[in-house]
Structures are given as C-alpha cells and as structure tokens.
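Input: a single structure, listed below in structure tokens.
In this note's numbering, the protein residues as written are 501 to 917.
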C-alpha cells in the first residue's frame, strides 16, 4: 500500500517527467490577494498569470498546494466531521499549462496517471464535461472526444453537465472556461450508472481539469482569451483514500495517526471511538489546520484569519470535552500532525515549539472561560424557550464571544444539540 507521502510524490514525479517545473506550495496566507483570507485552491499563486499581469519562466508547472476552506465562497466548516471527505485544511495536487498544452494532452496525462501509474480500473472511472443549459456557450465536444479516445474508456461513462458543475469562473468578470470532472466509483456493480448517481456517496469527485479559454466581459458576454490555459486540482486526501482502499479520508495514513493519538488520550476502545464519529474527526481536522496555520505565521486573535485560527482551536477543544478530554490536549495531538508531515513540510518541525506552545496557550485560555460561557448560553436558551423563541439572537451571540470568548461557531454547534 502506498503512503500518502508517496502518492504526493508520485504525482509530482509523474508531471516532472512530462516537463513540468516543480513549484513549492505557497503560504496559506495569500501574498498578493487581499480579497482572500486564505489560499483556498492551487490557482491562487498563479492568479496573476491567468489575469495576464505576470509571466513565469516556465509554461508547465506541478505542485501540491496547502489550502484552507473556512470562509467566503469556499467554506467547508459545517461539513467537517459529518462525512468522510470534507476538511478545513487539505492539500491540492495540481498540474498547470500556461499557454502550452491543452485539452487533449491534459486529459491523456490524467488518464495515464490514474490507470497506468496508480492502476485504477478504467471501469471505475466516470467523467463529466460541459454542456451549457442556456445554450449560449459551446458544448465542450473537444474534451468529450478526448475522453472517448483514451484506451479502455467507455463512452457510457461520460456525462454532460451545466454551468453549476462544469463551468469555472474566477470572478464575475475575467478568465473562465469549461471543466471536466473525474469521479471514481467506490462500489462498482452491475447497476447502470446515471448522471445523478455521481452525486451519491457511492462516488467521489477526484480530479477537476479546468480549461481557461474565455474572458467574461459581462453577465451575458464572453470572448475568447488570446491564450488558453489548463488548471487542474485533485485533493491529496481523496486520492489517498481511494488508493489505500479505506472508507474515508480520515482513515488514510495522513490523518488516522492523529485520530489514534486522540483515542489514546481519551482511553477509548475502538467501539467507543467509532461511536464518537463527529468529535474525533473534527478534532483531527481542526488540529491539523491549526498546526499548518500557525506554521505559516497565523496566530489566534480577534479578527480575520487570526479569529479563524482561534475559532478552530476552541472548537476542537469543545469537541474534545465531548469525549471526556477536559484538560488541554490539543498540543499533544498537534505533535502527531507534525510527525506525519515533517518530511514534506520541514518548516513544521522547525517551528514545532512555537506551534505547540501557541495551541496550548490558546486552549488553556479557553478552558478558563468555557464553563461560565456555556452556563450563560444555557440561560439564554432557557429564556428563549420560555418566550417560545427558537433562535439565539445576534446580540446574544456577540455577548457570548465578547465576554466569554465563545466563538459563534461553538454557539451554533451547542444550539443545534
């Protein structure tokens, strides 16, 4: 079985052999984009290239990019722990063409990696391509014909989808284009697969290949770009789960050691651990995210990305209490994260003392106010119930944070329970 680290390296080595330049991951803090709290995709560090305001000394690139999705358009916070694929922090594997190769070569390279290098059976792979439901943008027949020409690919495994799923746009105006998504069948059977079935738990969306060929001028007007680009993204955790044949991304060797450390601290049996499905996953996800954030210089605070760092540490601490961990423990769990990733990201090991101390101090501070904060929240809920009111108001939620340090996300979790 290949490890997550080996799979990351497989991807980079494969595209390096295809004359791609290896580009290091950029920071989780975007260098030149004040519109983003965090780097949320692989394309962020190449945005200026797509906009035509920057030029690199290479036309092909490959990377594994650190990403955070906890704010704005891409916010996976509420899904974390409730399923087996979503995370606040993840790594996005990507290959890029800046006016070099295009659809046919991009699709052929993707297919060879999946079916020849990683040996995923072609019968288990399905793809979607763009067909405009409004009829104003051309159907991506070039991508469709490229898929059909791949060895072992079945035409019945190709489906067309509209703008929501298969048309990528950077913003309301600017570079955009059709995309083709690759899905893997986790439970192959003789059942005929329909388009809608790709959205069920039986399938995982594995890889998205974006073909940036248009420039949106307005809501109803697009034009061709002078040069077309390719932007692809595949979650490392998802492909690792597929190749390791485990039931979720949390069961991969990228995250499972963190869960086992938490289990050891909680002194739970395997059955007890499994019964606390959501808390274990939230703790593992949030501690990993906090570790990487602090490693990139983001410390807990009251505003913007600093608030997010504080929130995820405190939210992890709250879920730790649900499994009986009532003393600070997250810094110990963070040590496992650092051990798992230190070879790919040696800066984590270099900053390990700062990371652990920061997490410990934040968790300790939170423990001093959590009980009084939850007691106050209980009073608010009791009052609301007596008034036949089913919500905690905005001013009440603000008071909980301002006075007791209870992030609104924790208030939301508690109210849902």
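C-beta atoms are modelled at their ideal positions from N, C-alpha and C, and glycine is treated no differently.
For residue i, write down the residues that DSSP places opposite it in a beta bridge.
i, result
"residue 918", "Missing from the structure shown is residue 918; the chain here goes from 501 to 917 and no further."
"residue 579", "Answer by DSSP bridge pairing: none, since residue 579 is not bridged."
"residue 668", "677"
"residue 916", "Its beta-bridge partners do not exist; DSSP assigns none."
"residue 827", "For residue 827, which the question treats as bridged, DSSP gives no partner whatsoever."
"residue 628", "659 and 681"
"residue 566", "591"
"residue 918", "Beyond the ends of the chain as shown, which are 501 and 917, falls residue 918; an answer cannot be given."
What residue does the beta strand (DSSP E) around residue i start on, and which one ends it?
i, result
"residue 856", "Unbroken run through residue 856 is the alpha helix (DSSP H), 852-886; no beta strand (DSSP E)."
"residue 660", "658-661"
"residue 713", "703-718"
"residue 678", "674-685"
Considering residue i, what are the terminal residues of the alpha helix (DSSP H) in which it resides?
i, result
"residue 645", "641-648"
"residue 505", "504-517"
"residue 550", "547-551"
"residue 634", "First-last for residue 634: undefined, no H or E at that position."
"residue 618", "Where residue 618 is concerned, there is no enclosing alpha helix (DSSP H), given that its DSSP letter is neither H nor E."
"residue 604", "603-612"
"residue 691", "Unbroken run through residue 691: none, as it is neither H nor E."
"residue 903", "894-904"
Can you tell me the Cα-Cα spacing of residue i and residue j, whole angstroms?
i, j, result
"residue 558", "residue 726", "18 angstroms"
"residue 856", "residue 827", "15 angstroms"
"residue 667", "residue 630", "7 angstroms"
"residue 707", "residue 895", "43 angstroms"
"residue 818", "residue 910", "8 angstroms"
"residue 723", "residue 647", "25 angstroms"
"residue 714", "residue 731", "13 angstroms"
"residue 925", "residue 816", "Residue 925 falls outside the range modelled here, since the chain spans only 501 to 917, and no answer is possible."
"residue 556", "residue 709", "21 angstroms"
"residue 736", "residue 508", "7 angstroms"
"residue 810", "residue 540", "19 angstroms"
"residue 825", "residue 609", "47 angstroms"
"residue 696", "residue 633", "16 angstroms"
"residue 501", "residue 618", "11 angstroms"
"residue 664", "residue 876", "43 angstroms"
"residue 774", "residue 752", "15 angstroms"
"residue 902", "residue 802", "10 angstroms"
"residue 649", "residue 522", "29 angstroms"
"residue 822", "residue 870", "13 angstroms"
"residue 891", "residue 504", "43 angstroms"
"residue 519", "residue 866", "50 angstroms"
"residue 694", "residue 622", "17 angstroms"
"residue 771", "residue 756", "15 angstroms"
"residue 898", "residue 905", "9 angstroms"
"residue 703", "residue 584", "12 angstroms"
"residue 602", "residue 643", "10 angstroms"
"residue 598", "residue 546", "10 angstroms"
"residue 582", "residue 837", "21 angstroms"
"residue 517", "residue 606", "14 angstroms"
"residue 513", "residue 671", "32 angstroms"
"residue 835", "residue 843", "14 angstroms"
"residue 880", "residue 765", "33 angstroms"
"residue 680", "residue 738", "17 angstroms"
"residue 532", "residue 878", "44 angstroms"
"residue 536", "residue 526", "14 angstroms"
"residue 538", "residue 796", "11 angstroms"
"residue 624", "residue 510", "20 angstroms"
"residue 487", "residue 900", "Because the chain here runs from 501 to 917, residue 487 falls outside it and cannot be looked at."
"residue 852", "residue 716", "45 angstroms"
"residue 654", "residue 804", "48 angstroms"
"residue 854", "residue 711", "41 angstroms"
"residue 873", "residue 915", "13 angstroms"
Could you check whether the Cβ of residue i sits closer than 8 angstroms to any heavy atom belonging to the ligand ATP?
i, result
"residue 581", "This structure lacks the ligand ATP; in fact it carries no ligand of any kind."
| request: Give a yes or no on contact between the stretch 761-775 and the stretch 551-566, applying the rule of three or more CB pairs nearer than 8 angstroms. | output: Contact between the stretch 761-775 and the stretch 551-566 is not established, with fewer than three Cβ pairs separated by less than 8 angstroms.
| said: For a minimum of 3 consecutive residues, which ranges assigned as the beta strand (DSSP E) are wholly contained in the stretch 721-805? | reply: Here the runs fully enclosed are 721-735.
| task | Take every Cβ of the stretch 854-868, pair it with every Cβ of the stretch 828-845, and state whether three or more of those distances are shorter than 8 angstroms. | result | Because the criterion of three Cβ pairs below 8 angstroms is met, the stretch 854-868 and the stretch 828-845 touch.
| request: Taking 8 angstroms as the threshold, find out whether the stretch 733-742 comes into contact with the stretch 688-695 through three or more Cβ pairs. | output: Not touching, per the Cβ criterion.
| message | For the pair the stretch 651-660 and the stretch 619-630, tell me if three or more CB-CB distances fall below 8 angstroms. | response | Under the 8 angstroms Cβ criterion, the stretch 651-660 counts as touching the stretch 619-630, having at least three qualifying pairs.
| field | contact_flag[the stretch 669-681, the stretch 535-551] where n(CB pairs < 8 angstroms) is 3 or more | value | Output reads yes: the stretch 535-551 touches the stretch 669-681.
| said: Across the stretch 843-852 and the stretch 883-890, are there enough close Cβ pairs to call them in contact, namely three or more that are closer than 8 angstroms? | reply: Contact between the stretch 843-852 and the stretch 883-890 is absent: fewer than three C-beta pairs spanning the two stretches fall below 8 angstroms.
| Cβ contact (3+ pairs, closer than 8 angstroms) linking the stretch 587-595 and the stretch 635-642 | Not touching, per the Cβ criterion.
| query | Contact between the stretch 776-791 and the stretch 582-589: three or more CB pairs below 8 angstroms? | reply | Three or more Cβ pairs drawn from the stretch 776-791 and the stretch 582-589 lie within less than 8 angstroms of each other, which places the two stretches in contact.
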